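With the UniProt record's numbering applied, the sequence shown corresponds to residues 1 to 237, in that order.
For glycine and all other residues, C-beta sits at the position ideal for the given N, C-alpha and C.
These numbers were taken from a predicted model, which means no experiment stands behind them.
Written below as structure tokens is the structure these notes are about.
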Amino acid sequence: RPEFALEIKKRTEKKERVLVTTLTKRMAEDVAEYLDEINIKAKYLHSEIRTLQRINILKDLRLGKFNVLVGVNLLREGLDLPEVSLVAILDADKEGFLRSETSLIQTMGRAARNINGTVILYCENITGSIRRAVKETNRRRKIQLEYNRKYQIIPKTITKPVEEFAIINNINNFEDFSTVNEEHGKYLSQSNLWLLIKSLEKEMKQAAKNLDFERAALLRDEIRRLKKEKTLFGEIK
Numbered sequence: 001r002p003e004f005a006l007e008i009k010k011r012t013e014k015k016e017r018v019l020v021t022t023l024t025k026r027m028a029e030d031v032a033e034y035l036d037e038i039n040i041k042a043k044y045l046h047s048e049i050r051t052l053q054r055i056n057i058l059k060d061l062r063l064g065k066f067n068v069l070v071g072v073n074l075l076r077e078g079l080d081l082p083e084v085s086l087v088a089i090l091d092a093d094k095e096g097f098l099r100s101e102t103s104l105i106q107t108m109g110r111a112a113r114n115i116n117g118t119v120i121l122y123c124e125n126i127t128g129s130i131r132r133a134v135k136e137t138n139r140r141r142k143i144q145l146e147y148n149r150k151y152q153i154i155p156k157t158i159t160k161p162v163e164e165f166a167i168i169n170n171i172n173n174f175e176d177f178s179t180v181n182e183e184h185g186k187y188l189s190q191s192n193l194w195l196l197i198k199s200l201e202k203e204m205k206q207a208a209k210n211l212d213f214e215r216a217a218l219l220r221d222e223i224r225r226l227k228k229e230k231t232l233f234g235e236i237k
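Written as structure tokens, this is what we have:
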């Protein structure tokens, strides 16, 4: 749709970010490819992408290395990206888990961190889930506006520094050894794998302390996976 690309370009020209949610992995890949073809820097994110790669992709989005992130269930509650000013929900009228009232409300909330935050639901019909989600969002917005007026609060985009993700660089260095280099069947030594896990645990705790629960959850999942990896000396317990 031409208007879809136009809405995205409005944001990218202001150096703002865009999240696009689709219903399938294939569609996420196709949308990202289409945007690249019209000179909009985009990447896709879905469950087949490794945890640490997902963290790097989210970091690169915040740093502005690309402007649009397309995914399936990546816009759930907890994804904190204050640079995002537009959330586009494709096939919003396809009833199901990903387009339920709760999922729509959570997804729409990803635009709430930015003063210019906007949500566009692309649909052919207004479903019950859409109607209820919009009603609830408007109710919350009304309460927030009344609170702001009462206490003379001027809304501003949340400022959240982009951490350098030093741990990611350390992990990338480990790949030279690697666990985890499945193509070559090589392994980290037990000591290197132990150091990697400890570094990840430290980073996970810091993320939780900073209330960055999305990142903390991603790191937790990677730690669990690494602990199951077989090394030259057996499994890490």
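By the 16-neighbour rule on beta-carbons within 10 angstroms, R11 is buried. DSSP lists V68, L86 as the bridge partner or partners of V18.
Looking from the CA of L81, the closest CA among D91, A32, K160 belongs to K160.
The shortest C-alpha to C-alpha distance from T24 to any of I143, A92, D36, E3 is the one to A92. L98 and E146 have their C-alpha atoms some 31 Å from each other. Between L226 and L193, the C-beta gap is smaller than 8 Å, which places the two residues in contact. Burial check for G109: the Cβ neighbour count within 10 Å reaches 16 or more, so the residue is buried.
In the structure shown, the three-state DSSP call for L81 is coil. Burial check for L90: the Cβ neighbour count within 10 Å reaches 16 or more, so the residue is buried.
For I158, same chain residues with a beta-carbon under 7 Å away, outside a window of 5 residues either side, are P82, R113 in chain order. Our two residues, A133 and V119, have alpha carbons roughly 12 Å apart in a direct line. Here T157 carries a coil assignment [DSSP, helix/strand/coil]. Beyond the five residues adjoining it in sequence on each side, K156 comes within less than 8 Å, by CB distance, of I115 in the same chain, given in chain order.
For Y44, the enclosing beta strand (DSSP E) covers residues 42 to 45. Taken atom to atom, the span from the alpha-carbon of V68 to that of L196 is near 31 Å. Excluding sequence positions up to five before and after V84, its CB lies within less than 8 Å of the CB of E16, R17, V18, L19, R110, A111, R113, N114, G117, all in the same chain and listed in chain order.
Following the DSSP letters along the chain, one finds I8 in no beta strand (DSSP E) but inside the alpha helix (DSSP H) bounded by residues 2 to 12. In the assembly as shown, K43 is a buried residue. Its beta-carbon has 16 or more other beta-carbons within 10 Å.
Per DSSP, L104 lies in no beta strand (DSSP E); the unbroken alpha helix (DSSP H) holding it starts and ends at 101 to 108. L58 is positioned such that its CB atom lies no closer than 8 Å to that of I8. S199 and I55 have their C-alpha atoms spaced approximately 15 Å apart.
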